[in-house]
Amino acid sequence: MSEFFKPDPDAVEILRRESCFSGFYRLERLHLRHRQFSGEMGPLLSRELFVRHDAVCVLPYDPQRDEVVLIEQFRVGSMGKCSNPWLLELVAGLIDKDEEPDQVARREAVEEAGLVLGELWPISRYFPSPGGSDELVHLYVGRCNSEGAGGIHGLAEEGEDIRVHVLPFEEALQAVKDGRINNAASIIALQWLALNRTEVCGLWL
-12 MSEFFKPDPD AVEILRRESC FSGFYRLERL HLRHRQFSGE MGPLLSRELF
38 VRHDAVCVLP YDPQRDEVVL IEQFRVGSMG KCSNPWLLEL VAGLIDKDEE
88 PDQVARREAV EEAGLVLGEL WPISRYFPSP GGSDELVHLY VGRCNSEGAG
138 GIHGLAEEGE DIRVHVLPFE EALQAVKDGR INNAASIIAL QWLALNRTEV
188 CGLWL
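Just so we're aligned: 120 in this note's numbering is position 133 of the sequence shown, and the numbers increase by one with no gaps anywhere.
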């Protein structure tokens, strides 16, 4: 069995930290060295770090109807990289207040989709881009009643313009296969539900 690296307390040495930009997000430049697999300290490295609040993403799922609720909104980061920058996504938000991840999931479901969630099923916590960002994503499936879900939602003061879609689960999964759903949290959550739907429905029905 392979043995994975186990860092000691001195495995990373940060020599200097610069603030390059500070707004809603921050950009820092770190000058550091880290221990290499040989056991020796490596060379001095300079790395920019995008400092973000941690995020919460939740896939609302109605086990009675076998439907998921997804949201559609414009995403500036996808411009020029795909033909349509209006993406199908999960309900999501940043932990930028004194809140627990499950509280953020429930609040954002109301704000972005008009949904009151029941039980939350934690899927995973993961780093979407650890090579240059410190963001950690808390990912859930949330039980919901999808009957009547739809419409335009979002907070006007935040410039949000969000359209709600209710899809049969198999249709949403096909959208992953077709590439129509092309963002990490949605792909991970829908594939996880494909693998675990029997167990989820067994407890939620």
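Quick reminder that beta carbons are idealized off the backbone N, C-alpha and C, glycines included. Note that the coordinates shown come from a computational prediction; the quantities given were computed from them, not determined experimentally.
Comparing alpha-carbon positions, which option in the options lies nearest residue i?
i, options, result
"F114", "P30, E15, V38 and R16", "V38"
"Q178", "G189, K164 and H40", "K164"
"P72", "P50, S9, L182 and N169", "N169"
"R4", "F(-9), I110, L81 and L36", "L36"
"A42", "E158, P(-6), D89 and K68", "D89"
"G118", "R34, A79, D(-3) and A143", "R34"
"L74", "D148, Q23 and L102", "D148"
"E27", "H40, D(-3), D53 and A159", "D(-3)"
"G10", "E144, A143, H40 and E98", "H40"
Locate the beta strand (DSSP E) running through residue i, then write down its first and last residues.
i, result
"V(-1)", "V(-1) to S9"
"V38", "L32 to V38"
"D49", "A42 to D49"
How should residue i be labelled, buried or exposed, when 16 other C-beta atoms within 10 angstroms of its C-beta is the threshold for buried?
i, result
"A171", "exposed"
"A162", "buried"
"A96", "buried"
"A167", "The sequence shown places Arg at residue 167, not Ala. Counting Cβ neighbours within 10 Å, R167 comes out exposed, since fewer than 16 surround it."
"V(-1)", "exposed"
"I1", "exposed"
"D49", "buried"
"S133", "buried"
"R112", "exposed"
"E153", "The amino acid at residue 153 is misidentified as Glu; the sequence shows Val. The residue is buried, with at least 16 neighbouring Cβ atoms inside 10 Å."
"V56", "buried"
"V63", "exposed"
"G189", "exposed"
Looking at the unbroken alpha helix (DSSP H) that takes in residue i, where does it start and where does it end?
i, result
"R93", "P88 to A100"
"G189", "A171 to W191"
"F61", "Element bounds for F61: not the alpha helix (DSSP H) but the beta strand (DSSP E), E54 to F61."
"V128", "V128 -> not in any alpha helix (DSSP H); beta strand (DSSP E) instead, spanning V124 to R130."
Please confirm whether residue i and residue j have their CB atoms less than 8 Å apart.
i, j, result
"I58", "L126", "no"
"L104", "P47", "yes"
"L17", "C7", "no"
"S173", "L77", "yes"
"L31", "R22", "no"
"C44", "V151", "no"
"G141", "E86", "no"
"A92", "L107", "yes"
"L160", "Q51", "no"
Consider the Cβ of residue i: report whether some Cβ of chain D lies at a distance smaller than 8 Å.
i, result
"Q178", "Protein chains in the displayed structure number just one, and chain D is not present."
If I'm right that residue i touches residue j with Cβ under 8 Å, what's the distance once you round it to whole angstroms?
i, j, result
"A136", "A100", "7 Å"
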